[in-house]
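Asks: Shown below is the structure under consideration.
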Amino acid sequence: MRTRVRNILALAVCLAMTACVTQVVRTVDMTPPVQFVGIQSEGELLDIGIAVFDPNIPETYDEQIEQLVQPDIRRAEANFIPYVAKNLLQSTGNWGAVRVVPRPTHAVDVTLSGKILHSDGESMSIETTVRDATGRIWFTRTYESLASKYAYDGSIPADIDPFQGVYKKLADDMVAYRQKLSKDDVLIIRATAELKFAREFAPDAFSDHVIATDDGEFELRRLPSEDDPMLARVRKVREREYLFIDTLDEYYEGFYRNMITPYQGWRRASYPEAIARKELKAQARNRAIGGLVGIAVGVGTIYASDSYQGDAAGVVGVISGAMILKSALKKSAEAEIHTEILQEIGVAAEAVIMPHTIELENQTVRLQGTVDEQYRELRKILRTIYFADLGLPEPAPDASLASEEESEEDSQGIR
(Lines of atoms letter the chains of each structure in order from A and count residues from 1; the text may use other names and numbers.)
(Lines give C-alpha, C1' and ligand atoms only; values in the text may rest on other atoms or scores of the structure.)
Protein backbone atom coordinates (compact mmCIF):
# COMPACT_ATOMS: atom_id res chain seq x y z
CA MET A 1 0.00 0.00 0.00
CA ARG A 2 2.77 2.41 0.95
CA THR A 3 4.59 1.72 -2.32
CA ARG A 4 1.48 2.49 -4.34
CA VAL A 5 0.88 5.75 -2.46
CA ARG A 6 4.51 6.78 -2.99
CA ASN A 7 4.20 6.06 -6.72
CA ILE A 8 1.03 8.09 -7.06
CA LEU A 9 2.50 10.98 -5.07
CA ALA A 10 5.60 10.89 -7.25
CA LEU A 11 3.32 11.17 -10.29
CA ALA A 12 1.57 14.14 -8.73
CA VAL A 13 4.90 15.87 -8.08
CA CYS A 14 5.93 15.24 -11.71
CA LEU A 15 2.71 16.86 -12.87
CA ALA A 16 3.34 19.81 -10.61
CA MET A 17 6.87 20.34 -11.92
CA THR A 18 6.13 19.88 -15.65
CA ALA A 19 5.86 23.62 -16.29
CA CYS A 20 9.30 24.19 -14.84
CA VAL A 21 11.06 22.14 -17.51
CA THR A 22 9.00 23.21 -20.54
CA GLN A 23 11.02 25.33 -22.97
CA VAL A 24 10.06 26.91 -26.25
CA VAL A 25 12.63 27.65 -28.95
CA ARG A 26 12.10 31.21 -30.23
CA THR A 27 13.76 32.62 -33.32
CA VAL A 28 13.52 35.76 -35.42
CA ASP A 29 12.08 34.73 -38.80
CA MET A 30 13.96 36.76 -41.41
CA THR A 31 13.40 34.46 -44.38
CA PRO A 32 11.68 36.12 -47.37
CA PRO A 33 8.12 35.16 -48.39
CA VAL A 34 7.49 32.66 -51.19
CA GLN A 35 7.58 34.08 -54.71
CA PHE A 36 5.00 33.31 -57.38
CA VAL A 37 6.28 30.59 -59.72
CA GLY A 38 5.90 31.72 -63.31
CA ILE A 39 5.26 35.03 -65.02
CA GLN A 40 2.21 37.22 -64.43
CA SER A 41 1.29 39.88 -66.94
CA GLU A 42 0.10 43.22 -65.58
CA GLY A 43 -3.49 42.19 -66.32
CA GLU A 44 -3.09 39.13 -64.09
CA LEU A 45 -1.90 40.99 -60.99
CA LEU A 46 -4.71 41.02 -58.43
CA ASP A 47 -5.26 44.20 -56.41
CA ILE A 48 -5.50 43.61 -52.65
CA GLY A 49 -7.51 45.63 -50.13
CA ILE A 50 -6.64 45.00 -46.47
CA ALA A 51 -9.51 46.19 -44.29
CA VAL A 52 -8.81 47.63 -40.85
CA PHE A 53 -8.97 44.70 -38.43
CA ASP A 54 -11.62 44.02 -35.83
CA PRO A 55 -9.84 44.98 -32.55
CA ASN A 56 -11.94 42.42 -30.66
CA ILE A 57 -12.13 44.50 -27.47
CA PRO A 58 -14.11 42.81 -24.67
CA GLU A 59 -17.31 44.67 -23.86
CA THR A 60 -16.94 44.97 -20.11
CA TYR A 61 -14.12 46.47 -18.08
CA ASP A 62 -13.77 43.29 -16.02
CA GLU A 63 -13.27 41.24 -19.18
CA GLN A 64 -10.68 43.71 -20.43
CA ILE A 65 -8.77 43.39 -17.16
CA GLU A 66 -9.07 39.59 -17.15
CA GLN A 67 -7.81 39.29 -20.73
CA LEU A 68 -5.20 42.06 -20.29
CA VAL A 69 -6.64 44.06 -23.20
CA GLN A 70 -5.82 47.76 -23.29
CA PRO A 71 -8.62 49.19 -25.53
CA ASP A 72 -6.61 52.07 -27.01
CA ILE A 73 -3.66 49.83 -27.79
CA ARG A 74 -5.99 47.33 -29.47
CA ARG A 75 -7.60 50.07 -31.55
CA ALA A 76 -4.15 51.16 -32.64
CA GLU A 77 -3.15 47.59 -33.48
CA ALA A 78 -6.26 47.20 -35.63
CA ASN A 79 -4.75 49.85 -37.93
CA PHE A 80 -1.10 48.91 -37.42
CA ILE A 81 -1.28 45.17 -38.24
CA PRO A 82 -2.98 45.66 -41.66
CA TYR A 83 -0.27 48.15 -42.64
CA VAL A 84 2.52 45.71 -41.71
CA ALA A 85 0.73 43.00 -43.74
CA LYS A 86 0.37 45.43 -46.65
CA ASN A 87 4.08 46.21 -46.68
CA LEU A 88 5.05 42.54 -46.73
CA LEU A 89 2.54 41.58 -49.43
CA GLN A 90 3.60 44.53 -51.55
CA SER A 91 7.29 43.66 -51.19
CA THR A 92 6.77 40.20 -52.72
CA GLY A 93 5.82 41.51 -56.16
CA ASN A 94 3.16 38.77 -56.29
CA TRP A 95 0.26 41.23 -56.42
CA GLY A 96 -0.95 44.42 -58.03
CA ALA A 97 -1.71 47.42 -55.82
CA VAL A 98 -1.95 46.55 -52.11
CA ARG A 99 -3.81 49.12 -50.02
CA VAL A 100 -5.15 49.46 -46.49
CA VAL A 101 -8.84 50.44 -46.57
CA PRO A 102 -11.21 51.43 -43.75
CA ARG A 103 -13.68 48.69 -44.72
CA PRO A 104 -14.22 46.04 -47.44
CA THR A 105 -14.78 47.59 -50.87
CA HIS A 106 -15.81 46.52 -54.37
CA ALA A 107 -12.95 48.60 -55.77
CA VAL A 108 -10.40 45.79 -55.26
CA ASP A 109 -10.04 42.23 -56.57
CA VAL A 110 -9.23 40.51 -53.26
CA THR A 111 -10.10 41.58 -49.73
CA LEU A 112 -8.18 40.56 -46.60
CA SER A 113 -10.05 41.07 -43.35
CA GLY A 114 -9.06 40.01 -39.86
CA LYS A 115 -9.61 39.97 -36.13
CA ILE A 116 -7.06 40.29 -33.31
CA LEU A 117 -7.38 37.33 -30.95
CA HIS A 118 -4.41 38.12 -28.71
CA SER A 119 -1.49 40.50 -28.76
CA ASP A 120 1.29 41.55 -26.43
CA GLY A 121 5.07 41.72 -26.67
CA GLU A 122 5.44 37.95 -26.22
CA SER A 123 2.78 36.43 -28.47
CA MET A 124 0.28 37.36 -31.16
CA SER A 125 -2.71 35.55 -32.62
CA ILE A 126 -4.94 36.81 -35.43
CA GLU A 127 -7.78 35.31 -37.47
CA THR A 128 -7.89 36.29 -41.14
CA THR A 129 -10.26 35.74 -44.06
CA VAL A 130 -9.27 36.21 -47.69
CA ARG A 131 -12.11 36.62 -50.20
CA ASP A 132 -12.05 37.54 -53.89
CA ALA A 133 -14.54 39.65 -55.84
CA THR A 134 -16.55 36.60 -56.91
CA GLY A 135 -17.45 36.09 -53.24
CA ARG A 136 -15.30 32.97 -53.05
CA ILE A 137 -13.48 32.62 -49.73
CA TRP A 138 -9.89 31.55 -50.30
CA PHE A 139 -9.44 30.61 -46.66
CA THR A 140 -10.13 31.59 -43.06
CA ARG A 141 -7.18 30.78 -40.82
CA THR A 142 -5.69 31.61 -37.45
CA TYR A 143 -2.04 32.62 -37.31
CA GLU A 144 -0.02 32.54 -34.10
CA SER A 145 3.57 33.41 -33.27
CA LEU A 146 5.87 33.73 -30.26
CA ALA A 147 8.39 36.56 -30.32
CA SER A 148 12.06 36.07 -29.58
CA LYS A 149 13.77 38.44 -27.16
CA TYR A 150 16.25 39.12 -29.97
CA ALA A 151 13.38 40.53 -32.08
CA TYR A 152 13.64 43.73 -30.02
CA ASP A 153 17.39 44.03 -30.50
CA GLY A 154 18.59 47.14 -32.33
CA SER A 155 20.49 45.00 -34.85
CA ILE A 156 17.26 43.62 -36.32
CA PRO A 157 16.18 45.49 -39.50
CA ALA A 158 13.35 47.96 -38.92
CA ASP A 159 11.12 46.23 -41.47
CA ILE A 160 11.26 42.92 -39.57
CA ASP A 161 8.33 42.72 -37.14
CA PRO A 162 8.73 40.69 -33.93
CA PHE A 163 5.89 38.52 -35.27
CA GLN A 164 7.19 38.41 -38.81
CA GLY A 165 6.28 34.72 -38.99
CA VAL A 166 2.57 35.58 -38.85
CA TYR A 167 2.75 37.90 -41.84
CA LYS A 168 5.09 35.63 -43.79
CA LYS A 169 2.84 32.58 -43.33
CA LEU A 170 -0.19 34.64 -44.37
CA ALA A 171 1.64 35.88 -47.48
CA ASP A 172 2.78 32.33 -48.32
CA ASP A 173 -0.76 30.95 -47.94
CA MET A 174 -2.16 33.66 -50.19
CA VAL A 175 0.35 33.08 -52.96
CA ALA A 176 -0.17 29.30 -52.64
CA TYR A 177 -3.88 29.81 -53.32
CA ARG A 178 -3.13 32.27 -56.13
CA GLN A 179 -0.79 29.69 -57.66
CA LYS A 180 -3.73 27.29 -58.10
CA LEU A 181 -5.80 29.80 -60.07
CA SER A 182 -5.72 29.66 -63.85
CA LYS A 183 -5.33 32.74 -66.00
CA ASP A 184 -9.07 32.57 -66.78
CA ASP A 185 -9.87 32.41 -63.03
CA VAL A 186 -7.87 35.57 -62.44
CA LEU A 187 -9.42 37.45 -65.34
CA ILE A 188 -12.90 36.49 -64.11
CA ILE A 189 -12.07 37.81 -60.62
CA ARG A 190 -10.83 41.10 -62.05
CA ALA A 191 -13.79 41.48 -64.41
CA THR A 192 -16.25 40.63 -61.63
CA ALA A 193 -14.70 43.27 -59.35
CA GLU A 194 -14.98 45.91 -62.05
CA LEU A 195 -18.56 45.02 -62.99
CA LYS A 196 -19.70 44.87 -59.36
CA PHE A 197 -18.35 48.39 -59.00
CA ALA A 198 -20.04 49.37 -62.29
CA ARG A 199 -23.33 47.82 -61.22
CA GLU A 200 -23.22 49.82 -58.02
CA PHE A 201 -23.11 53.06 -60.02
CA ALA A 202 -25.12 52.04 -63.08
CA PRO A 203 -27.42 49.15 -62.12
CA ASP A 204 -29.63 49.58 -65.18
CA ALA A 205 -26.67 49.23 -67.54
CA PHE A 206 -24.77 46.43 -65.76
CA SER A 207 -27.28 44.49 -63.64
CA ASP A 208 -27.32 41.51 -66.01
CA HIS A 209 -23.53 41.34 -66.43
CA VAL A 210 -22.89 39.94 -62.96
CA ILE A 211 -25.50 38.40 -60.67
CA ALA A 212 -25.57 37.28 -57.05
CA THR A 213 -26.08 33.54 -56.54
CA ASP A 214 -28.01 31.84 -53.74
CA ASP A 215 -24.76 30.76 -52.05
CA GLY A 216 -23.58 34.34 -51.63
CA GLU A 217 -21.13 34.37 -54.53
CA PHE A 218 -21.21 36.36 -57.78
CA GLU A 219 -21.44 34.92 -61.26
CA LEU A 220 -20.07 36.74 -64.29
CA ARG A 221 -22.63 36.39 -67.08
CA ARG A 222 -21.22 38.60 -69.82
CA LEU A 223 -18.71 41.36 -70.50
CA PRO A 224 -19.48 44.83 -71.85
CA SER A 225 -17.78 46.14 -74.95
CA GLU A 226 -14.42 47.81 -74.29
CA ASP A 227 -15.67 50.96 -76.05
CA ASP A 228 -18.88 51.08 -74.00
CA PRO A 229 -19.20 54.77 -72.93
CA MET A 230 -20.95 53.78 -69.67
CA LEU A 231 -18.02 51.53 -68.76
CA ALA A 232 -15.59 54.35 -69.55
CA ARG A 233 -17.47 56.65 -67.15
CA VAL A 234 -17.47 54.02 -64.41
CA ARG A 235 -13.72 53.49 -64.83
CA LYS A 236 -13.16 57.22 -64.33
CA VAL A 237 -15.20 57.06 -61.12
CA ARG A 238 -13.20 54.03 -60.01
CA GLU A 239 -9.96 55.93 -60.58
CA ARG A 240 -11.28 58.72 -58.34
CA GLU A 241 -11.92 56.17 -55.60
CA TYR A 242 -8.41 54.79 -56.03
CA LEU A 243 -7.01 58.30 -55.56
CA PHE A 244 -8.97 58.65 -52.32
CA ILE A 245 -7.86 55.22 -51.11
CA ASP A 246 -4.25 56.13 -51.91
CA THR A 247 -4.65 59.27 -49.80
CA LEU A 248 -6.00 57.19 -46.93
CA ASP A 249 -3.09 54.80 -47.40
CA GLU A 250 -0.73 57.73 -46.82
CA TYR A 251 -2.53 58.37 -43.53
CA TYR A 252 -1.99 54.75 -42.48
CA GLU A 253 1.67 55.09 -43.42
CA GLY A 254 1.99 58.23 -41.30
CA PHE A 255 0.23 56.49 -38.43
CA TYR A 256 2.65 53.56 -38.70
CA ARG A 257 5.67 55.87 -38.59
CA ASN A 258 4.35 57.81 -35.61
CA MET A 259 3.31 54.75 -33.66
CA ILE A 260 6.20 52.37 -34.30
CA THR A 261 8.44 53.74 -31.53
CA PRO A 262 5.94 53.84 -28.62
CA TYR A 263 4.28 50.62 -29.78
CA GLN A 264 7.56 48.69 -29.99
CA GLY A 265 8.46 50.17 -26.62
CA TRP A 266 5.28 48.70 -25.13
CA ARG A 267 5.98 45.35 -26.75
CA ARG A 268 9.57 45.32 -25.49
CA ALA A 269 8.52 46.23 -21.94
CA SER A 270 5.68 43.72 -21.82
CA TYR A 271 7.76 40.84 -23.25
CA PRO A 272 9.53 39.60 -20.06
CA GLU A 273 6.47 40.23 -17.91
CA ALA A 274 4.20 38.26 -20.25
CA ILE A 275 6.63 35.32 -20.30
CA ALA A 276 7.00 35.32 -16.51
CA ARG A 277 3.23 35.51 -16.06
CA LYS A 278 2.61 32.67 -18.49
CA GLU A 279 5.22 30.41 -16.87
CA LEU A 280 3.96 31.10 -13.35
CA LYS A 281 0.36 30.44 -14.37
CA ALA A 282 1.40 27.14 -15.96
CA GLN A 283 3.31 26.15 -12.83
CA ALA A 284 0.37 27.12 -10.62
CA ARG A 285 -2.05 25.12 -12.77
CA ASN A 286 0.12 22.00 -12.83
CA ARG A 287 0.88 22.15 -9.12
CA ALA A 288 -2.81 22.60 -8.35
CA ILE A 289 -3.55 19.46 -10.36
CA GLY A 290 -0.75 17.57 -8.60
CA GLY A 291 -1.89 18.75 -5.18
CA LEU A 292 -5.51 17.76 -5.78
CA VAL A 293 -4.42 14.36 -7.05
CA GLY A 294 -2.26 13.85 -3.94
CA ILE A 295 -5.10 14.82 -1.60
CA ALA A 296 -7.58 12.61 -3.45
CA VAL A 297 -5.24 9.63 -3.34
CA GLY A 298 -4.52 10.18 0.36
CA VAL A 299 -8.23 10.37 1.25
CA GLY A 300 -8.94 7.29 -0.87
CA THR A 301 -6.16 5.40 0.87
CA ILE A 302 -7.53 6.25 4.32
CA TYR A 303 -11.03 5.07 3.41
CA ALA A 304 -9.74 1.89 1.81
CA SER A 305 -7.28 1.11 4.61
CA ASP A 306 -7.92 -1.41 7.35
CA SER A 307 -4.62 -0.88 9.17
CA TYR A 308 -2.73 1.81 11.03
CA GLN A 309 0.03 1.78 8.40
CA GLY A 310 -2.49 2.42 5.64
CA ASP A 311 -4.07 5.31 7.52
CA ALA A 312 -0.66 6.83 8.12
CA ALA A 313 0.24 6.55 4.44
CA GLY A 314 -3.06 8.22 3.53
CA VAL A 315 -2.40 11.09 5.95
CA VAL A 316 1.05 11.56 4.41
CA GLY A 317 -0.59 11.72 0.99
CA VAL A 318 -3.08 14.36 2.11
CA ILE A 319 -0.37 16.48 3.74
CA SER A 320 1.91 16.20 0.70
CA GLY A 321 -0.95 17.13 -1.63
CA ALA A 322 -1.83 20.10 0.55
CA MET A 323 1.79 21.32 0.46
CA ILE A 324 1.83 21.11 -3.35
CA LEU A 325 -1.51 22.94 -3.50
CA LYS A 326 -0.12 25.65 -1.22
CA SER A 327 2.84 26.14 -3.56
CA ALA A 328 0.35 26.43 -6.45
CA LEU A 329 -1.41 29.29 -4.69
CA LYS A 330 1.94 30.98 -4.13
CA LYS A 331 2.80 30.71 -7.83
CA SER A 332 -0.62 32.08 -8.72
CA ALA A 333 -0.04 35.09 -6.44
CA GLU A 334 3.35 35.68 -8.09
CA ALA A 335 1.66 35.59 -11.51
CA GLU A 336 -0.77 38.29 -10.39
CA ILE A 337 2.15 40.59 -9.63
CA HIS A 338 3.24 40.33 -13.26
CA THR A 339 -0.38 40.86 -14.34
CA GLU A 340 -0.45 44.16 -12.45
CA ILE A 341 2.88 45.20 -13.98
CA LEU A 342 1.54 44.43 -17.47
CA GLN A 343 -1.53 46.57 -16.78
CA GLU A 344 0.66 49.46 -15.61
CA ILE A 345 2.86 49.17 -18.72
CA GLY A 346 -0.26 49.14 -20.89
CA VAL A 347 -1.78 52.21 -19.24
CA ALA A 348 1.46 54.13 -19.72
CA ALA A 349 1.68 53.07 -23.38
CA GLU A 350 -1.96 53.99 -24.03
CA ALA A 351 -1.28 57.58 -23.03
CA VAL A 352 1.38 57.84 -25.76
CA ILE A 353 -0.32 55.77 -28.46
CA MET A 354 -3.90 57.07 -28.17
CA PRO A 355 -3.25 60.54 -29.69
CA HIS A 356 -1.84 58.94 -32.86
CA THR A 357 -4.93 56.75 -33.24
CA ILE A 358 -7.26 59.72 -32.76
CA GLU A 359 -5.26 61.73 -35.28
CA LEU A 360 -5.57 58.94 -37.85
CA GLU A 361 -9.30 58.48 -37.36
CA ASN A 362 -9.98 62.20 -37.58
CA GLN A 363 -7.93 62.92 -40.71
CA THR A 364 -9.93 64.87 -43.29
CA VAL A 365 -9.78 65.16 -47.06
CA ARG A 366 -12.26 67.96 -47.77
CA LEU A 367 -14.77 65.71 -46.06
CA GLN A 368 -15.69 65.71 -42.39
CA GLY A 369 -15.78 62.86 -39.93
CA THR A 370 -13.60 59.85 -39.20
CA VAL A 371 -11.69 58.01 -41.93
CA ASP A 372 -14.43 55.39 -42.06
CA GLU A 373 -17.20 58.02 -42.28
CA GLN A 374 -15.29 59.90 -44.99
CA TYR A 375 -15.02 56.74 -47.05
CA ARG A 376 -18.77 56.16 -46.79
CA GLU A 377 -19.39 59.79 -47.76
CA LEU A 378 -17.03 59.55 -50.73
CA ARG A 379 -19.01 56.65 -52.19
CA LYS A 380 -22.20 58.71 -51.98
CA ILE A 381 -20.54 61.72 -53.59
CA LEU A 382 -19.13 59.64 -56.44
CA ARG A 383 -22.60 58.25 -57.17
CA THR A 384 -24.10 61.71 -57.18
CA ILE A 385 -21.41 63.08 -59.53
CA TYR A 386 -21.77 60.10 -61.85
CA PHE A 387 -25.49 60.54 -62.39
CA ALA A 388 -25.29 64.33 -62.44
CA ASP A 389 -22.85 64.06 -65.36
CA LEU A 390 -25.40 61.90 -67.18
CA GLY A 391 -28.28 64.22 -66.32
CA LEU A 392 -30.13 61.29 -64.75
CA PRO A 393 -31.81 60.85 -61.35
CA GLU A 394 -29.78 58.79 -58.88
CA PRO A 395 -31.29 55.28 -58.45
CA ALA A 396 -31.42 53.33 -55.20
CA PRO A 397 -28.25 51.37 -54.32
CA ASP A 398 -28.05 47.75 -55.51
CA ALA A 399 -29.44 45.69 -52.62
CA SER A 400 -27.38 42.54 -53.31
CA LEU A 401 -24.10 44.45 -53.40
CA ALA A 402 -25.01 46.40 -50.26
CA SER A 403 -25.92 43.21 -48.41
CA GLU A 404 -22.58 41.66 -49.34
CA GLU A 405 -20.66 44.60 -47.93
CA GLU A 406 -22.80 44.52 -44.80
CA SER A 407 -22.14 40.81 -44.29
CA GLU A 408 -18.40 41.41 -44.64
CA GLU A 409 -18.59 44.25 -42.12
CA ASP A 410 -20.58 42.12 -39.68
CA SER A 411 -18.04 39.29 -39.98
CA GLN A 412 -15.35 41.75 -38.81
CA GLY A 413 -17.48 43.42 -36.15
CA ILE A 414 -17.08 46.78 -37.91
CA ARG A 415 -20.43 48.18 -36.89
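Heads up, the sequence shown is in our numbering, so the first residue is 4 and it goes up one at a time.
Every residue, glycine too, gets a C-beta built ideally from N, C-alpha and C.
1) Helix, strand or coil for Val178? Go by DSSP, reduced to three states.
2) On a Cα-Cα basis, can you pick out the residue from Ala79, Pro36, Thr216 and Gln182 that is closest to Pro58?
3) Where Asp75 and Arg238 are concerned, what is the direct C-alpha to C-alpha distance, given to the nearest angstrom?
4) Provide the residue span of the alpha helix (DSSP H) that contains Thr195, from first to last.
5) Which residue comes first and which comes last in the beta strand (DSSP E) that contains Tyr146?
6) Have a look at the DSSP bridge pairing and note the partners of Thr132.
7) One question on the structure: do Ser128 and Leu115 come within less than 7 Å of each other, judged by their Cβ atoms?
8) Put Gln167 into one of helix, strand or coil per three-state DSSP.
9) Which of the three DSSP states, helix, strand or coil, is assigned to Phe83?
10) Taking the alpha-carbon positions, what's the Leu226 to Val111 distance?
11) Ignore the nearest five residues each way along the sequence and tell me which others in Leu173's own chain have a CB closer than 7 Å to its CB.
12) Thinking C-alpha only, which one of Arg202, Val103, Ile191 and Gln38 is nearest Glu253?
13) Going by C-alpha to C-alpha distance, which of Ile214, Asp164 and Lys383 sits closest to Lys152?
14) Can you tell me the Cα-Cα spacing of Arg243 and Ile278, whole angstroms?
15) In the DSSP assignment, what residue or residues form a beta bridge with Ser158?
16) Near Ala100, what residues of its chain come up, given a Cβ to Cβ distance below 7 Å and the 5 sequence neighbours on each side ignored?
17) Output the boundary residues of the beta strand (DSSP E) element that contains Glu222.
18) Determine the direct distance from the alpha carbon of Met33 to that of Ala201, and round the result to whole angstroms.
19) Starting from Ile68 and walking both ways along the alpha helix (DSSP H), at which residues does that stretch end?
20) From Pro265 to Met177, what distance separates their C-alpha atoms?
21) Under the three-state reduction of DSSP, which class applies to Met233: helix, strand or coil?
22) Measure the C-alpha to C-alpha separation of Gly168 and Asp135 and round it to an integer number of angstroms.
23) For Arg102, write down the residues that DSSP places opposite it in a beta bridge.
24) Could you give the first and the last residue of the continuous beta strand (DSSP E) run that contains Ala215?
25) Check whether the Cβ atoms of Ala194 and Leu223 lie closer than 7 Å to each other.
26) Quick one: what does DSSP say Met127 is sitting in, helix, strand or coil?
27) Under the three-state reduction of DSSP, which class applies to Asp57: helix, strand or coil?
28) Taking a contact to mean a Cβ-Cβ separation below 7 Å, would you say Gly117 touches Phe56 in this structure?
29) Count the other CB atoms, across all protein chains shown, that sit within 10 Å of the CB of Glu203; report buried if there are 16 or more and exposed otherwise.
30) Using the C-alpha atoms, what's the distance from Lys199 back to Leu234?
31) For Ser228, name the three-state secondary structure that DSSP assigns.
32) Between Gln267, Val37 and Asn289, which lies nearest to Ala154 when the distance is taken from Cα to Cα?
33) Please classify Lys171 as buried or exposed, where buried requires at least 16 other C-beta atoms within 10 Å of its C-beta.
34) Do you know whose CA, among Ser148, Pro35, Gln182 and Thr30, lies nearest Trp141's CA?
Replies: If we stick to the structure as given:
1) In the structure shown, the three-state DSSP call for Val178 is helix.
2) Out of Ala79, Pro36, Thr216 and Gln182, the CA that lies nearest to the CA of Pro58 is found in Ala79.
3) For the pair Asp75 and Arg238, the Cα-to-Cα distance works out to about 39 Å.
4) Looking at the DSSP string, the run of the alpha helix (DSSP H) that includes Thr195 is Lys186 to Phe204.
5) Counting along the chain, the unbroken beta strand (DSSP E) around Tyr146 starts and ends at Ile140 to Leu149.
6) For Thr132, which the question treats as bridged, DSSP gives the partners Ser116 and Thr143.
7) Not a contact, by the Cβ cut-off of 7 Å.
8) Helix.
9) Helix at Phe83.
10) Roughly 18 Å between the two C-alpha positions.
11) Here the set comprises Ala88, Thr131 and Tyr146.
12) The closest CA to that of Glu253, considering only Arg202, Val103, Ile191 and Gln38, is found on Val103.
13) Among Ile214, Asp164 and Lys383, the Cα nearest to that of Lys152 belongs to Asp164.
14) Between Arg243 and Ile278, the C-alpha separation is close to 48 Å.
15) According to DSSP, which records beta bridges pairwise, Ser158 is partnered with nothing at all.
16) Excluding sequence neighbours, Ala100 sits near Asp50.
17) Per DSSP, the unbroken beta strand (DSSP E) holding Glu222 starts and ends at Phe221 to Leu223.
18) Rounded to whole angstroms, Ala201 to Met33 spans 42 Å at the Cα level.
19) Segment Tyr64 to Glu69, the alpha helix (DSSP H) holding Ile68.
20) Here the C-alpha atom of Pro265 lies approximately 31 Å from the C-alpha atom of Met177.
21) Correct three-state label for Met233: helix.
22) Their backbone Cα atoms lie some 24 Å apart in a straight line.
23) Arg102 is bridged by DSSP to Gly52.
24) Note, Ala215: beta strand (DSSP E), Val213 to Ala215.
25) The answer is yes: Cβ separation under 7 Å.
26) Secondary structure of Met127 (DSSP, three-state): strand.
27) In the structure shown, the three-state DSSP call for Asp57 is strand.
28) Between Gly117 and Phe56, the gap from beta carbon to beta carbon is short of 7 Å.
29) Answer is buried; the Cβ neighbour count reaches 16.
30) Their backbone Cα atoms lie some 12 Å apart in a straight line.
31) Coil, per DSSP.
32) The shortest CA-to-CA distance from Ala154 to any of Gln267, Val37 and Asn289 is the one to Gln267.
33) Buried is the call here.
34) Distance from the Cα of Trp141 is smallest, within the candidate group Ser148, Pro35, Gln182 and Thr30, for Gln182.
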